[in-house]
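**Q**
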Amino acid sequence: MSLTRRDFLTYLGVGSYSLLRNPPITSAAPAQFPTPKRKSSPPNWFQPIAPSSEDLLRVPDQYSAQVILSWDDPIGLPDHATGPQRFGFNNDFIAYFPINALEGGKNSQEGLLWVNHEYTNPLFVSGYFAPASGAAPKKTVEQIRAEKRSVGGSVVHVKWDGTAWKHVPSSQYNRRITALYPEIMLTGAASSKIPFGIGTLGNCSGGRTPWMTALSCEENYPDFNDIEKGFRWKDVASEAIDERQYGWVVEIDPFGELPPQKHSSLGRFKHENAAVTVSAGGKLVVYMGDDEMDQFFYKYVSHDSYNPAASRADQRKLLSHGTLYVADLMNGRWLALDYDRNKAKFDKAGLKSQADVLIHTRQAAAALKATPLDRCEDCEVHPLDGSIYVAMTNNAKHGNLYGQIVRFVEANDDAASESFQYEIFLAGGPKTGLASPDNLAFRKNGDLIVVCDMSSDKLNRGAYRPFGNNGLFVVPTRGDSAGDAFQFASGPNEAELTGPWFTEDESTLFLSVQHPGEETTDLSTPTSHWPHGGTQLPRPSIVAIRGPFGG
Numbered sequence: 116m117s118l119t120r121r122d123f124l125t126y127l128g129v130g131s132y133s134l135l136r137n138p139p140i141t142s143a144a145p146a147q148f149p150t151p152k153r154k155s156s157p158p159n160w161f162q163p164i165a166p167s168s169e170d171l172l173r174v175p176d177q178y179s180a181q182v183i184l185s186w187d188d189p190i191g192l193p194d195h196a197t198g199p200q201r202f203g204f205n206n207d208f209i210a211y212f213p214i215n216a217l218e219g220g221k222n223s224q225e226g227l228l229w230v231n232h233e234y235t236n237p238l239f240v241s242g243y244f245a246p247a248s249g250a251a252p253k254k255t256v257e258q259i260r261a262e263k264r265s266v267g268g269s270v271v272h273v274k275w276d277g278t279a280w281k282h283v284p285s286s287q288y289n290r291r292i293t294a295l296y297p298e299i300m301l302t303g304a305a306s307s308k309i310p311f312g313i314g315t316l317g318n319c320s321g322g323r324t325p326w327m328t329a330l331s332c333e334e335n336y337p338d339f340n341d342i343e344k345g346f347r348w349k350d351v352a353s354e355a356i357d358e359r360q361y362g363w364v365v366e367i368d369p370f371g372e373l374p375p376q377k378h379s380s381l382g383r384f385k386h387e388n389a390a391v392t393v394s395a396g397g398k399l400v401v402y403m404g405d406d407e408m409d410q411f412f413y414k415y416v417s418h419d420s421y422n423p424a425a426s427r428a429d430q431r432k433l434l435s436h437g438t439l440y441v442a443d444l445m446n447g448r449w450l451a452l453d454y455d456r457n458k459a460k461f462d463k464a465g466l467k468s469q470a471d472v473l474i475h476t477r478q479a480a481a482a483l484k485a486t487p488l489d490r491c492e493d494c495e496v497h498p499l500d501g502s503i504y505v506a507m508t509n510n511a512k513h514g515n516l517y518g519q520i521v522r523f524v525e526a527n528d529d530a531a532s533e534s535f536q537y538e539i540f541l542a543g544g545p546k547t548g549l550a551s552p553d554n555l556a557f558r559k560n561g562d563l564i565v566v567c568d569m570s571s572d573k574l575n576r577g578a579y580r581p582f583g584n585n586g587l588f589v590v591p592t593r594g595d596s597a598g599d600a601f602q603f604a605s606g607p608n609e610a611e612l613t614g615p616w617f618t619e620d621e622s623t624l625f626l627s628v629q630h631p632g633e634e635t636t637d638l639s640t641p642t643s644h645w646p647h648g649g650t651q652l653p654r655p656s657i658v659a660i661r662g663p664f665g666g
């Protein structure tokens, strides 16, 4: 038997029909947003702060943040070949090297800092400004070279004097590497086609090797020539870069004993960072992310084993001879980007040699059907269990505005394994309290340090309004509070906090404050005045944070 709508309503009765037309008003509580966060205890070494939109670097009570160096500060004696040595723009990754590190020491009161300078801001650095509409003027040689000097990296000697960290200007170690100099040789298979690169640029995050060198990762190298959205260096043909010379992992010895090298065996893409560990069998392993939407997660495993007794010159060869892998999350496998093992697939993709595979790493990864990810940024190895934590900032293409942190566990806890498991450790969003995780660092107790990278033009508006300015968070990885984020610092207007790195005894946290006032369009009305306040122009700077970290 079938019922018409009239029959059905007659069956329900007049009262029921009226309920359908006029549902009752209930006394339910209003919906809460965000979903209430479960109550957990913050780490015992600081009292979390609230999100802030102030033009300040805020840290918890009992902690202090001291500026060590800012953009354009002199860092040492002038070099006869390159002129004045000045601290570069947009400082990013920081690595601390105890001054006695080559003797096995762990001095936490004096050391060398390697600091990346990721990219420039033409308005501040060269005075160039392109209007929002109409034809943009071409850059001059002088403007482009000023911008080239502002990127790359700095080695700076620093010392704790009992009351503050001071730069040591007379030190022999202070020096710059820029997009103009020096000529840096490539190692590995790609060196047969690209023997060297001129300087370095796009230096985002990085890592530190067991033999005390810095790994600096070249990321957004296509931006520098780009006329439409980039820095327009090809406005002057002689100043355009050969893009094949960039997109590598660069090794720098802050102590100056070893020349810089670009290690092609680690692949070429938009490198974010390089997390270094030693496998159960003694192989050197480097984990790396490619910071672009729908790109991949990689690792490199050396052919030979790490020998702590070998010379530093021999130890660094581990970065030249090994196998590069890319992650297949669907099957939990590491896929070898090895030409001989995948000749048919690579030939079909137009890659005819191992050199081609390394120069065109993204195409090689796609040919093996690696898993595209949500902007795979910093990755770090947990100091207690060896698992790998990977920050994936966001992916607007797929509606992922807030990003996540993914945890990988290698089979048999062996970093050289060819299989793994993974899980979502933390999902960004209003409930979590953080968005767009970027750089990571670990404390020795396993607490995860997370700094965030919400785009400057989206801060404090729309979907990102609840988070305030970009901040630094502490996320326990063990205990009842595991996976909960507690805010430790908030950056100034339009800034990103980057490069967290502790001294060996964890008494000082070094941190970069990058691109404050990035949305400025007129130098007479900057959108930030940090760090000097008043009417001063904003300046990217590195800071030292001290306080009761002992918790």
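The numbers in my numbering rise by one with no breaks, and the one at position 149 of the sequence shown is 264. C-beta atoms are modelled at their ideal positions from N, C-alpha and C, and glycine is treated no differently.
Determine the direct distance from the alpha carbon of Gln602 to that of Gly594, and round the result to whole angstroms.
**A** As a first step, residue 594 must be located in the sequence shown, where it is residue number 479. As a first step, residue 602 must be located in the sequence shown, where it is residue number 487. One C-alpha to the other measures close to 18 angstroms.
**Q** Measuring CA to CA, which of Tyr421, Phe588, Ile564 is closest to Pro325?
**A** To locate residue 325, count along the sequence shown from 1; it is residue 210. Per the Cα distances, Tyr421.
**Q** Excluding the 5 residues flanking Arg290 on each side, which residues of the same chain have their C-beta closer than 6 angstroms to its C-beta?
**A** Counting from one through the sequence shown, the residue named residue 290 turns up at place 175. Only Val270 meet the Cβ criterion.
**Q** Would you kindly check if the distance between the Cβ of Phe384 and the Cβ of Arg105 is under 9 angstroms?
**A** The chain is shown only over 116 to 666; residue 105 falls outside these bounds and no answer can be derived.
**Q** Under a Cβ-count criterion, where at least 16 other Cβ atoms within 10 Å of its own Cβ denotes burial, should Thr328 be classed as buried or exposed?
**A** Mapped onto the sequence shown, residue 328 falls at position 213. Classification of Thr328: buried, given that the 10 Å Cβ count is 16 or more.
**Q** Just how far apart, CA to CA, sit Leu439 and Tyr413?
**A** Position 324 of the sequence shown, counting from 1, holds the residue named residue 439. Position 298 of the sequence shown, counting from 1, holds the residue named residue 413. About 7 angstroms.
**Q** Cα separation between Asn335 and Ile299?
**A** The residue labelled residue 335 in the question sits at position 220 within the sequence shown. The residue labelled residue 299 in the question sits at position 184 within the sequence shown. Rounded to whole angstroms, the separation of the alpha carbons of Ile299 and Asn335 is 18 angstroms.
**Q** First and last residue of the beta strand (DSSP E) that includes Glu372?
**A** By one-based count along the sequence shown, residue 372 stands at place 257. That residue, Glu372, is in no beta strand (DSSP E); it is neither H nor E in DSSP.
**Q** Considering Cα atoms alone, identify which of Asn515, Ser551, Tyr234, Val400 is closest to Ser570.
**A** Within the sequence shown, residue 570 is the residue found at index 455, counting from 1. The candidate whose alpha carbon is nearest that of Ser570 is Ser551.
**Q** What residue range does the beta strand (DSSP E) around Ser248 cover?
**A** Translated into positions along the sequence shown, residue 248 becomes position 133. Where Ser248 is concerned, there is no enclosing beta strand (DSSP E), given that its DSSP letter is neither H nor E.
**Q** His644 by DSSP, collapsed to three states: which one?
**A** One-based indexing of the sequence shown puts residue 644 at position 529. Reduced to three states, the DSSP call for His644 is coil.
**Q** Here's the rule: buried if 16 or more other CB atoms are within 10 angstroms of the residue's CB, otherwise exposed. What is Val400?
**A** As a first step, residue 400 must be located in the sequence shown, where it is residue number 285. Per the 10 Å Cβ criterion, buried.
**Q** So which of Leu549, Gly267, Ser379 has the shortest CA-CA distance to Leu433?
**A** The count along the sequence shown starts at 1 and reaches residue 433 at position 318. Of Leu549, Gly267, Ser379, the residue nearest in Cα terms is Ser379.
**Q** Whole angstroms are fine: how far does the CA of Phe582 sit from the CA of Gly662?
**A** Indexing the sequence shown from 1 puts residue 662 at position 547. Indexing the sequence shown from 1 puts residue 582 at position 467. Taking the straight line joining both Cα atoms gives about 25 angstroms.
**Q** Rank Ala542, Thr486, Ala210, Gly321 by C-alpha distance to the C-alpha of Asn515 and give the top, closest one.
**A** In the sequence shown, counting from the first residue as 1, residue 515 sits at position 400. Answer by Cα proximity: Ala542.
**Q** Of the residues Asn608, Pro607, Thr547, which one's Cα is nearest the Cα of Val589?
**A** Position 474 of the sequence shown, counting from 1, holds the residue named residue 589. Among Asn608, Pro607, Thr547, the Cα nearest to that of Val589 is on Thr547.
**Q** For the beta strand (DSSP E) containing Ser179, list its first residue and its last residue.
**A** The residue you call residue 179 lines up with position 64 of the sequence shown. 179 to 185 is the span of the beta strand (DSSP E), which, as asked, contains Ser179.
**Q** Closest to His418 by CA distance: which of Gln519, His436, Glu407 is it?
**A** The residue you call residue 418 lines up with position 303 of the sequence shown. Comparing C-alpha distances from His418 to each of Gln519, His436, Glu407 shows the shortest one belongs to His436.
**Q** Can at least three beta-carbon pairs, one atom from the segment 242 to 250 and one from the segment 265 to 279, be found at a separation below 8 angstroms?
**A** The segment 242 to 250 vs the segment 265 to 279: no contact.
**Q** Does the Cβ of Leu499 have 16 or more other Cβ atoms within 10 Å, making it buried, or fewer, making it exposed?
**A** One-based indexing of the sequence shown puts residue 499 at position 384. Result: exposed.
**Q** Since Ser265 is in the alpha helix (DSSP H), which residue starts that stretch and which ends it?
**A** Along the sequence shown, one-based indexing puts residue 265 at 150. Its alpha helix (DSSP H) spans residues 256 to 265.
**Q** Suppose the cutoff is 7 angstroms on Cβ atoms and the five residues either side in sequence are ignored; what does the same chain contact list for Glu609 look like?
**A** Within the sequence shown, the letter at position 494 stands for residue 609. Its chain contains Ser571, Leu574, His630, Pro631, Gly632, Glu633, Glu634, Thr642, Ser643 as the residues whose beta carbon lies nearer than 7 angstroms to that of Glu609, once the 5 sequence neighbours on both sides are disregarded; these appear in chain order.
**Q** Might you give, ordered along the chain, the residues of its own chain that have their beta carbon closer than 8 angstroms to the beta carbon of Ile140, omitting 5 neighbours on each side?
**A** By 1-based counting over the sequence shown, the position of residue 140 is 25. For Ile140, the predicted model reports a pLDDT of 46, less than 50, meaning its position is unreliable and no value from the coordinates is stated.
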